[in-house]
Every structure is written in C-alpha cells, then in structure tokens.
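Asker: Below: one structure in structure tokens.
Numbering (the numbering used here), first residue to last: 7 to 465.
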C-alpha cells in the first residue's frame with residue numbers, strides 16, 4: 007500500500023476523529039505520573055527529545071500535561087546546563103532497560119542531579135516545543151509555565167555553546183551516536199569504525215531491545231559494544247567535556263543536532279519577546295550557527311549537509327535524512343535551500359506532492375539501505391515532521407502537504423508504531439509509540455492547505 011493510498015482512509019471527519027482518539031489513547035496509556043514514556047515495552051523511562059515532541063502533541067489535547075512533561079525533564083538538568091537524554095524511573099526494577107543507571111553512574115559525576123540519568127544529551131528541540139505549546143494555548147497558565155522554563159532552556163543552549171563547541175567555529179559536537187537521535191544511522195559507520203571494541207563484550211550483558219524486537223531490525227552486537235565503549239570513555243572522565251579532545255573516540259558535528267541548536271535560538275528569541283527579555287543574543291547566536299553549518303557541513307559536491315568527523319576532519323559520505331534537517335532554519339541561504347529541496351525530491355528520499363513511498367531515514371538508492379533495520383532505512387514521524395516544517399518555512403507548501411499526507415497515511419494504515427517500513431508502510435519497532443501519537447495530533451490539527459501551513463510555521 008502506498009502512503010497516499012493509505013491516506014485515502016483519512017478523507018472524512020470520522021476517520022480523522024478516529025485517528026485523534028487513537029493518538030490521545032496512546033498518550034494517555036503512556037503517561038507516567040509527570041511524563042510520558044515513549045513505549046511501555048522497550049522504553050519505560052523518560053527520553054529527552056521524545057518528551058519535546060510529545061509536548062507538542064499534548065498541547066493540543068492536554069496542555070497542562072505538555073508543561074508538566076517539559077518541567078519534569080528539566081528537573082533532571084545538570085548544573086552545567088546539559089539535559090540528559092534519559093531520566094530513569096527508580097520505581098522500575100534493575101534490568102528493566104539496558105543500559106540502565108548502574109552503567110551510567112551519574113551520581114558519581116560532578117553537577118549531576120539527585121535523579122538517576124544518563125550523561126549524554128539529545129537534539130535540543132525543547133525550546134521549539136515550548137514555543138509551539140505556548141502558541142497553541144497562549145493563556146496565563148501557559149505564559150507562567152513558559153516563564154519558568156525559559157532560564158533552563160537558555161542554560162541548555164549555553165551548555166552546548168560553551169562546552170560542546172570543540173573547534174570554536176560555532177557548532178556543537180556530539181560524543182555518541184545516541185546524542186544524534188538517529189542512533190544507528192549509516193552516517194555513524196565511518197566514525198564508529200575507529201572505536202575499539204569486540205562484539206564478544208556483549209556476552210556479559212542482556213540486551214533489552216532484542217527481547218522486544220527482532221534482532222535483525224536492531225543494531226548489531228558489535229555496534230552495541232562500541233556504544234558501550236563510548237559511554238565508558240565519557241563516564242570514566244566524569245562526563246567532562248574539557249577533556250574530550252584528548253582521547254574520546256567519537257567526536258562529530260551533526261547537521262540535525264546543529265539545525266535543532268539553531269532553531270532553538272530562533273524559538274528562544276520569540277519566547278524572549280513574549281516575556282519582555284532581550285531577543286538579540288538569541289538571534290545573534292542563531293545567525294552564527296546557521297553560518298557555521300553552511301561553512302562546515304554543507305557539501306557543494308552533493309548539494310546536501312553531512313556530519314563532520316572531527317577525528318579525521320572529513321565529511322561523512324553517507325547521504326541520510328540528517329542532511330535535510332537544516333531546512334528548519336529560517337535563515338538558511340537560498341542556495342542551500344534550493345539544493346536541499348532537490349535532494350528531498352530525488353529518488354533518494356522521494357518527497358513529492360503525492361508520495362509514492364514514505365520518507366526514508368537513509369538514501370534508498372544506496373547499497374547499504376536496509377528497510378527493516380533501525381535508522382538505516384525505515385521511516386520515522388519525528389524526522390518527517392522536522393523536514394515538513396522546513397519545507398513550509400521556505401515556501402514549499404505543496405511538498406509539505408504531500409509529506410503530511412504520507413505521514414498521516416502511515417498511522418492510518420499501521421497504527422502508532424515507533425517507525426515504519428519505507429516501502430510498504432508496515433509498522434515496525436514498538437507499538438503505541440509516544441511521539442508518533444503526539445506528532446500525529448499536531449499534523450491532524452492543521453488544515454491541509456498551503457495558506458494555513460505557512461501561517462502556522464511563521465508564527
């Protein structure tokens with residue numbers, strides 16, 4: 007079934023109402039006292055960028071929960087401003103998730119909160135989520151919540167600018183593929199190849215993910231051994247960023263991460279204006295990030311953005327959906343916008359007014375394209391949602407509308423799965439997945455007209 011064929015099922019009000027009910031029921035079932043778990047099976051704790059996307063959807067139906075979602079996450083913020091990518095629920099048994107708090111040992115790190123967390127971060131989409139939540143319900147309660155959250159959002163950005171800009175060029179560096187959000191992307195194969203590890207290390211552990219999903223769909227044991235080696239390297243240095251350049255095995259400037267970094271400053275400028283603060287510093291940093299992205303990560307030979315491996319100084323050759331993410335930056339120059347639209351419309355990604363197949367996470371023409379394996383081909387709603395916002399930001403409403411129909415069609419055909427087969431649309435990964443439900447609500451809330459889409463993004 008093509009994405010547009012599945013979308014035919016959402017043609018009437020009753021179908022849309024049914025999808026809304028499904029999304030709300032999914033979020034309600036995943037609610038855990040002050041936050042939403044991504045899924046009740048594979049991801050029973052709180053994840054950072056999941057909570058941001060979930061807040062966007064909750065703002066449509068449970069606005070008070072949207073603010074609680076973000077507030078609960080930021081209660082785990084470290085003293086240096088980092089927002090950890092996992093906040094562990096201590097009520098769960100040891101071994102409910104791997105790697106759990108016993109491997110991260112955050113309590114031993116200087117400046118960590120009293121909660122158990124990881125020491126990594128994820129793409130900073132939180133300021134954008136907060137802005138969208140406020141715009142959805144700009145009432146006194148929302149304004150008060152926004153005012154409380156603003157200093158923490160500023161500190162999050164400050165951490166990335168002050169601690170993670172290892173080159174001084176204006177971009178934040180990620181220290182683990184998990185920080186990109188696209189954990190198992192082919193974009194990380196080349197930098198990860200230099201990480202010393204043996205697959206046999208995993209015999210000492212019990213992987214939680216392969217107990218809930220087909221091992222053929224998940225990262226390999228060698229990948230996981232390298233993941234753990236990178237965690238140990240960072241943890242054993244006290245999660246200190248000052249010593250990263252001295253020997254941490256994975257240092258990469260990621261286009262999606264830094265596009266989110268820049269978009270957050272644009273969102274903070276809007277938030278500052280509403281709160282009576284100075285938006286100027288946010289606008290200045292946003293401009294610097296965009297300029298650095300173009301200078302350091304844009305490849306004119308391919309017409310797309312690519313990660314830069316700081317260990318080798320080279321751009322990574324894999325063409326993944328990461329390269330399309332800078333479209334979300336409103337100040338991206340026209341030359342790069344035009345090139346990314348060509349990339350998005352190419353056979354590699356297939357974005358069109360009428361999508362034949364969903365947006366894949368990796369170049370579908372590449373020899374290492376894997377339609378079933380985690381982030382190496384499958385389609386994800388959160389990345390499609392970001393790309394759609396970028397298309398709208400730069401005046402491509404017809405393409406954005408096609409992508410919107412495709413994403414809604416995925417859920418109409420398969421339910422709120424974690425991700426989807428990039429050819430057939432079959433649901434993969436965890437069922438009843440939080441951000442899929444939340445972003446479906448956001449997509450359904452918009453009338454499918456170019457005028458409405460443009461106005462929504464411009465606000």
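Built from N, CA and C at the ideal position, the CB exists for glycine as well.
Using 8 angstroms as the threshold, is the C-beta distance between residue 69 and residue 23 below it?
Answerer: No.
Asker: Alpha carbon to alpha carbon, how far is residue 312 from residue 368?
Answerer: Rounded to whole angstroms, residue 312 to residue 368 spans 12 angstroms at the Cα level.
Asker: Per DSSP, what kind of secondary structure is residue 84 in: helix, strand or coil?
Answerer: Coil at residue 84, not helix or strand.
Asker: Am I right that residue 128 and residue 87 are in contact with their C-beta atoms under 8 angstroms? What's the rounded C-beta distance?
Answerer: Between residue 87 and residue 128 the Cβ distance is about 14 angstroms, and since that is not below 8 angstroms, they are no contact.
Asker: Would you kindly report the start and end of the unbroken alpha helix (DSSP H) that includes residue 66?
Answerer: Run containing residue 66: 54-67, per the alpha helix (DSSP H) assignment.
Asker: Quick check on residue 37: does DSSP put it in helix, strand or coil?
Answerer: Reduced to three states, the DSSP call for residue 37 is strand.
Asker: How many angstroms separate the CA atom of residue 362 from the CA atom of residue 432?
Answerer: C-alpha separation (whole angstroms): 14 angstroms.
Asker: How is the alpha helix (DSSP H) around residue 399 delimited, first residue to last?
Answerer: First-last of the alpha helix (DSSP H) with residue 399: 387-399.
Asker: Within this structure, are the beta carbons of residue 377 and residue 429 separated by less than 8 angstroms?
Answerer: Contact: yes.
Asker: Please classify residue 50 as buried or exposed, where buried requires at least 16 other C-beta atoms within 10 Å of its C-beta.
Answerer: With 16 or more Cβ atoms within 10 Å of its Cβ, residue 50 is classed as buried.
Asker: Output the distance between the C-alpha atoms of residue 297 and residue 75, rounded to the nearest integer angstrom.
Answerer: So the alpha carbons of these two residues sit roughly 33 angstroms apart.
Asker: Closest by CA to residue 152, which one among 343, 316, 439, 281?
Answerer: Looking at the Cα atoms, 281 is the closest of the given residues.
Asker: Would you mind sorting residue 202 into buried or exposed? The rule is 16 or more other CB atoms within 10 Å of its CB.
Answerer: Classification of residue 202: exposed, given that the 10 Å Cβ count is below 16.
Asker: Nearest to residue 52 by CA position, among 96, 84, 62, is which residue?
Answerer: The candidate whose alpha carbon is nearest that of residue 52 is 96.
Asker: Helix or strand or just coil, what does DSSP make of residue 122?
Answerer: In the structure shown, residue 122 sits in coil (DSSP, three-state: anything other than H, G, I, E or B).
Asker: Sort 306, 350, 344 by Cα distance to residue 327 and report the nearest one.
Answerer: If we check each option's Cα against that of residue 327, 350 comes out closest.
Asker: In angstroms with no decimal places, state the Cα-to-Cα distance between residue 445 and residue 452.
Answerer: Using only the alpha carbons, I get a separation of about 11 angstroms.
Asker: Leaving aside the five residues before and after residue 194 along the sequence, list all residues of the same chain whose C-beta is less than 7 angstroms from its C-beta, in chain order.
Answerer: Counting only Cβ-Cβ distances below 7 angstroms, and skipping sequence neighbours, we find 183.
Asker: Note down, in chain order, each residue of its chain lying with its Cβ closer than 7 angstroms to the Cβ of residue 26, except the 5 sequence neighbours on either side.
Answerer: Here the set comprises 447, 450.
Asker: Among residues of its own chain, excluding the 5 on either side of residue 364, which ones have a beta-carbon nearer than 7 angstroms to its beta-carbon?
Answerer: The residues are 9, 385, 412, 416, 426, 428, 431.
Asker: Under three-state DSSP, which class holds residue 448?
Answerer: Of the three classes helix, strand and coil, the one that applies to residue 448 here is helix, per DSSP.
Asker: Residues bridged to residue 421 by DSSP?
Answerer: According to DSSP, which records beta bridges pairwise, residue 421 is partnered with nothing at all.
Asker: Just verifying my parser: in three-state terms, what is the DSSP assignment at residue 533?
Answerer: No information on residue 533 is available, as it lies outside the stretch 7 to 465 that the chain covers here.
Asker: Output needed for residue 266: all residues of its chain with C-beta closer than 7 angstroms, excluding positions within five of it in sequence on either side, in chain order.
Answerer: The answer, listed in chain order, is 129, 130, 131.
Asker: Could you spell out the range, first to last residue, of the alpha helix (DSSP H) harbouring residue 264?
Answerer: Note, residue 264: alpha helix (DSSP H), 261-281.
Asker: Check residue 315 in the structure and name its three-state DSSP category.
Answerer: Three-state DSSP puts residue 315 in a strand.
Asker: Does the beta-carbon distance from residue 66 to residue 142 come in below 8 angstroms?
Answerer: For residue 66 and residue 142, yes; Cβs fall inside 8 angstroms.
Asker: Across which residues does DSSP place residue 180 in a beta bridge pair?
Answerer: The partner list for residue 180 (beta bridge, DSSP) reads 258.
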